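Trainee:
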Amino acid sequence: MSSKLIRGTFILTLGTIISKIIGLFYVIPFHAIVGGSEPEALYQFGYVPYTLFISIATAGVPLAVSKYIAKYNALEEYAVGRKLFKSGILLMLITGIISFLIMYLFAPIFAELSMTGVESKNFSIEDVTAVIRAVSFALIIIPVMSLIRGFFQGHQSMGPSAVSQVIEQLVRIVFLLLGAFLVLHVFHGKMVTAISVATFAAFVGGIASLIVLFWYWKKRKHHFDNLLKQDKGSIQVSLRDMYKEIFIYALPFVFVGVSNSLYQYVDQLTFNRGMAAIGKGKEALEAIGILNFDSHKLVIIPVSLATSFSLTLVPLITESFAKGRRLEMVRQVDQTFQVLLFLTIPAALGLSLLAHPVFTVFYEHNTLGTDVLEHYAPVAILFALFSVTAAILQGINEQRFTILSLLVGLLIKLSFNIPLIKLFETNGAVYATALGYTASILINLIVIKLFARYPFKTIIRRTILILLLNAVMAAIVIFLYKILTFVLTPDSKWQALMIVIICGAVGAIIYGYLGLRSKLADKLFGERMKKVKEKLHIG
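Heads up: the sequence shown is residues 2 to 540, going by this note's numbering.
#1: Can you tell me the Cα-Cα spacing of ILE103 and GLN170, whole angstroms?
#2: Tell me which same chain residues have a C-beta within less than 6 Å of the C-beta of LEU470, skipping the five on either side of it?
#3: Over what stretch of residues does the alpha helix (DSSP H) that includes ARG173 continue unbroken?
#4: How would you label SER239, buried or exposed, when you count the other beta carbons within 10 angstroms and need 16 or more for buried?
#5: At a cut-off of 6 Å, is ILE465 close to the ligand ADP when judged by its beta-carbon and the heavy atoms of the ligand?
#6: Taking the alpha helix (DSSP H) that PHE101 belongs to, which residues open and close that run?
#7: Give the straight-line distance between the Cα atoms of GLY207 and VAL172, rounded to the nearest whole angstrom.
#8: Near MET2, what residues of its chain come up, given a Cβ to Cβ distance below 6 Å and the 5 sequence neighbours on each side ignored?
#9: DSSP three-state call for VAL238: helix, strand or coil?
#10: Determine the direct distance from the alpha carbon of SER20 to that of TRP218, and round the result to whole angstroms.
#11: Between which two residues does the alpha helix (DSSP H) carrying ILE397 extend?
#12: Buried or exposed: where does PHE487 fall if 16 or more other Cβ atoms within 10 Å of its Cβ makes it buried?
#13: Report all residues from its chain with a CB closer than 7 Å to the CB of THR390; omit the five preceding and five following residues, and keep chain order.
#14: Specify the secondary structure class of ASN418 as computed by DSSP and reduced to three states.
#15: Starting from the C-beta of GLU246, find all residues in its chain whose C-beta is less than 7 Å away, skip the five residues before and the five after it, and write them out in chain order.
#16: Along the chain, where does the alpha helix (DSSP H) that runs through GLN496 open and close?
#17: Please classify ASP372: does DSSP put it in a helix, a strand, or coil?
#18: Can you give me the C-alpha to C-alpha distance between LEU214 and ILE301, rounded to a whole angstrom?
#19: Which whole-angstrom value describes the C-beta separation of LEU498 and VAL362, a residue pair presumed to lie in contact below a C-beta threshold of 8 Å?
#20: How would you label ILE422, buried or exposed, when you count the other beta carbons within 10 angstroms and need 16 or more for buried?
#21: Let's test the definition: count the other Cβ atoms within 10 Å of the Cβ of PHE188 and tell me whether it reaches 16, buried, or not, exposed.
#22: Check whether the Cβ atoms of GLN45 and PHE387 sit closer than 7 Å, and answer yes or no.
#23: Does ASP268 pass the burial test, meaning 16 or more other C-beta atoms within 10 Å, or should it be called exposed?
#24: So, for MET349: in the same chain, excluding its five sequence neighbours on each side, which residues have a beta-carbon less than 6 Å away from its beta-carbon?
Spelled out as structure tokens, the structure:
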């Protein structure tokens, strides 16, 4: 890869990670401001449908547009990309407005579906309707913003996307926290007003991002115009053919991007009914808030870091497969899986083992929250595996099976969700999610085996080694945790933080040492690990 591409990928990945970190840590003050999991459930009732609508409205636009423009720029047909950009702005504005109108007008129906089975004295269907309508305004501008990001990325300019992403998240979080605080603690307003302001923050963040992107456009327009002067003009592509190609490329990414939200929406539609069926309707709202907001925010951490690292290898897999270099492709797929598992398994395991103090640090001492997080954390491994196997399918040009695997997984989730909730309450929804994702991953792996002729011998052997290293690390962390609880309590925020820091640091050091000592880290991360071993005097 060229240094420009590596630099661009690094900038974009860094922007994504910073954005996700900001999106994680706001939950601490937000939980303190709204004072519990029920208001967070109300927030999710608005935000999950919005995520689904935004995925449909943008339809994987940044990736599709960036690939399309990069393709024709390589042929020096710069006018094709500009034509797409101009027509795309109008199209995204139309799809955004249509999505906004549908979500706004049908908000009462979405609210009724979400509140079925809920026995809440604090919130009504009208309250959920207000929250859904508040967030729907963001749909007007986000699709246009996505197209502009895709245009910049197509020109190998990742800075605008990364900066606008971080600014969007910062402005959204500041507006969300400040707005909720002012409504509740200064003006002493209603909780539903505070949550509506919090969801409306998505629109404010989008405006901030658009301003950044327009500034970059104004700054770089001269460069883009100069490229147009160098246009060969030998290829004419109709808008119909243009959008057909983009749609075919983007559709699988839409399904992958929206998979998590679809699973959450299944919970939103069925969780309350399952809990009501066993006489737990009064506890349903708090429980789904813990499941879909509190715990989910923490579970996504290891997924984001591991997939960001692993997906940088996917373009190389695409190139190797396209050029028929099978052995090279097998080696790259091996490395992708191993890096993913090497990073995700210890992070998910650590989060599960330290669920009690971690939940206390981020929110408060809560027995149900601890129990749900303990069971939910390992599912992060499945989230990461689905994302990467779907990306590999894209690399070997078999992305159609991504849609099949996701639909099978969702069908399993739908089928088992209520029965498992009746048996295991909140954890039943976690088990149904795990079953659905497992089925999707197995289908993806079978397709990779058949179409890429990928042998699983190496990855099975390495996975066993990774699991053994994690078992050793887990045993030591559990022992240390038990010792620490004699002098520190995980029920107190600051003492819980001390437990997390000490156990996390010891666990990381042990796992890192074992990874270096077993030479697994050398095989995954190359020559740089040998230099680290020399400095640490590890043989």
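Ideal placement from N, C-alpha and C gives every residue a C-beta, glycine not left out.
Predicted, not measured: the structure shown is a model, and the values here were computed from it.
Mentor: This is what the structure gives:
#1: Approximately 25 Å, taken between the alpha carbons.
#2: For LEU470, where only same-chain residues beyond five positions count, the Cβ hits under 6 Å are LEU515.
#3: 160 to 182 is the extent of the alpha helix (DSSP H) around ARG173.
#4: Around the beta-carbon of SER239, fewer than 16 other beta-carbon atoms lie within 10 Å, marking it exposed.
#5: Ligands in the displayed structure: none, and consequently the ligand ADP is not present.
#6: Per DSSP, PHE101 belongs to the alpha helix (DSSP H) from 79 to 106.
#7: In this model, GLY207 and VAL172 are separated by some 9 Å (Cα to Cα).
#8: The predicted position of MET2 is uncertain, since its pLDDT is 43 and thus under 50; a value taken from the coordinates is nonetheless stated next. There are no such residues.
#9: Of the three classes helix, strand and coil, the one that applies to VAL238 here is coil, per DSSP.
#10: Those two C-alpha atoms are separated by around 22 Å.
#11: In the DSSP assignment, ILE397 falls outside any alpha helix (DSSP H), carrying neither H nor E.
#12: Burial is judged here by how many other beta carbons sit within 10 angstroms of a residue's own beta carbon; PHE487 has fewer than 16 and is exposed.
#13: Answer for THR390: ILE442, ASN445, LEU446, ILE449, listed in chain order.
#14: Reduced to three states, the DSSP call for ASN418 is helix.
#15: Excluding sequence neighbours, GLU246 sits near TYR69.
#16: Here the alpha helix (DSSP H) through GLN496 covers 494 to 518.
#17: Residue state, collapsed to three classes: helix.
#18: The straight-line gap from Cα to Cα measures roughly 28 Å.
#19: LEU498 to VAL362, Cβ: 5 Å. Contact.
#20: Label assigned to ILE422: buried.
#21: Counting the other CB atoms within 10 Å of its CB gives PHE188 a total below 16, which places it among the exposed residues.
#22: Cβ atoms of GLN45 and PHE387: not closer than 7 Å.
#23: ASP268 comes out buried.
#24: One detail in the question is off: residue 349 reads as Ala in this sequence, not Met. So the list reads PRO303, ALA378, PRO379, ALA381, ILE382, once near-sequence residues are dropped.
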